[in-house]
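For reference, the structure is listed below as structure tokens.
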Amino acid sequence: MTKPSKPTLTLVPVPSHTSITVAFGPTRSRFFERALAHARAGASELTEPSPGRFRARFVLHREPAAFAHLGALSSLVRHWRGTEISAGGLPVPPALVQVMGFCAADQLTRQGACRLTLEGVPLGHCGPCPLFDPRPRRGGVRPLRAPVRPLRLVGEDERVPAPKSTRFTVVCGPSRSWDLERALALAGAWAQGFARGADGSWRAEFVLGEDPRAYHALEEALWLLVQVRGTDVTYRGLPIALGQAILAVRRARQHLRPVYVVPPPRDVASLLVDDI
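Sequential numbering from 114 applies to the sequence shown in the working numbering.
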């Protein structure tokens, strides 16, 4: 009786890139031109096989721009009829590609690589991502903690340096949502640039400096725009998901350290006079 041979394990190399194809159109959506702009900005190849039907091929390596524009394009075309997205010749859900694109772009922009802790179970959007390594990590990867910034005491004559300005560009609408009207009211009050486009959309430029009220206004406006379709947010020159934009505003607000102004010391006589 012969013993059964043990199966041999073959290590599959991690792919260096992923090819994702997005086919969309024709459509009468008011967001079509915006979707086409994202396809032109991030796709490696853009063709029009039939009038109004476009096919964008994204070759994903480690460029954040390709991931970011793929996520923005998927968020706009995911609800359209006739939208088809495939990875390596196999169909994938548009919602999955949207989350994957924004997640990978955020990781590459902030960390330079994927630093997500999977704890043995990969996330649903990690499958087609070229940054995902199925091999187990020794000891795991701990999330990075922000450094603790102590309070600073300054004198009245000392100038406090202003924090570095952070720019967010928000494009929203057209829509009949009441949440959009409330968000536009906040944008009109706190945005440095606020204009209406020819297609009925609105464009707001937020430049966050040292006024904490502007941070709160932008965060509230982003929360209102979560339910408004066709909202685009650009941060550091790249499209970003609404949830990631809210976290980016909170991270930028952490640099606003509370500053306590210490008055100059006075002599004992003046203190007694003040008490009288």
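Just so you know, even glycine gets a beta-carbon here, dropped at the ideal spot from N, CA and C. Everything numeric in this text was worked out from a predicted model, so none of it was measured.
Residue i in three-state terms, based on DSSP
i: D324; result: coil
i: G310; result: coil
i: W336; result: helix
i: C242; result: coil
i: W315; result: strand
i: V190; result: helix
i: T344; result: coil
i: P207; result: helix
i: E294; result: helix
i: A200; result: strand
i: L159; result: strand
Beta carbon of residue i nearer than 7 angstroms to that of residue j
i: G155; j: A179; result: yes
i: L209; j: H174; result: no
i: A327; j: L321; result: yes
i: V341; j: S290; result: yes
i: L360; j: A330; result: no
i: R143; j: P287; result: yes
i: I133; j: F171; result: yes
Whole-angstrom distance between residue j and residue i, CA atom to CA atom
i: A148; j: G240; result: 24 angstroms
i: G184; j: S163; result: 24 angstroms
i: V284; j: G306; result: 12 angstroms
i: V339; j: E333; result: 10 angstroms
i: L229; j: A217; result: 10 angstroms
i: T140; j: G225; result: 37 angstroms
i: W303; j: L337; result: 15 angstroms
i: A161; j: L293; result: It is worth fixing the name first, because residue 161 is Glu in this sequence and not Ala. Taking the straight line from one Cα to the other gives about 33 angstroms.
Whole-number beta carbon distance between residue j and residue i, since they are thought to touch under 8 angstroms
i: G138; j: G214; result: Not a contact, Cβ separation roughly 19 angstroms.
i: I353; j: A181; result: 7 angstroms
i: T131; j: C242; result: 7 angstroms
i: G221; j: P177; result: Residue 221 is actually Leu in this sequence, not Gly. That belief holds up - the Cβ atoms of L221 and P177 are roughly 4 angstroms apart, short of 8 angstroms.
i: A308; j: R316; result: 5 angstroms
Counted within 10 angstroms of its Cβ, other Cβ atoms place residue i as buried (16 or more) or exposed
i: P207; result: buried
i: E271; result: At E271 the pLDDT is 48, less than 50, meaning the model places this residue with poor confidence; the figure from the coordinates comes in the next sentence. With fewer than 16 Cβ atoms within 10 Å of its Cβ, E271 is classed as exposed.
i: Q211; result: buried
i: D324; result: exposed
Residue i Cβ short of 6 angstroms to the ligand NAP heavy atom set
i: C242; result: This structure lacks the ligand NAP; in fact it carries no ligand of any kind.
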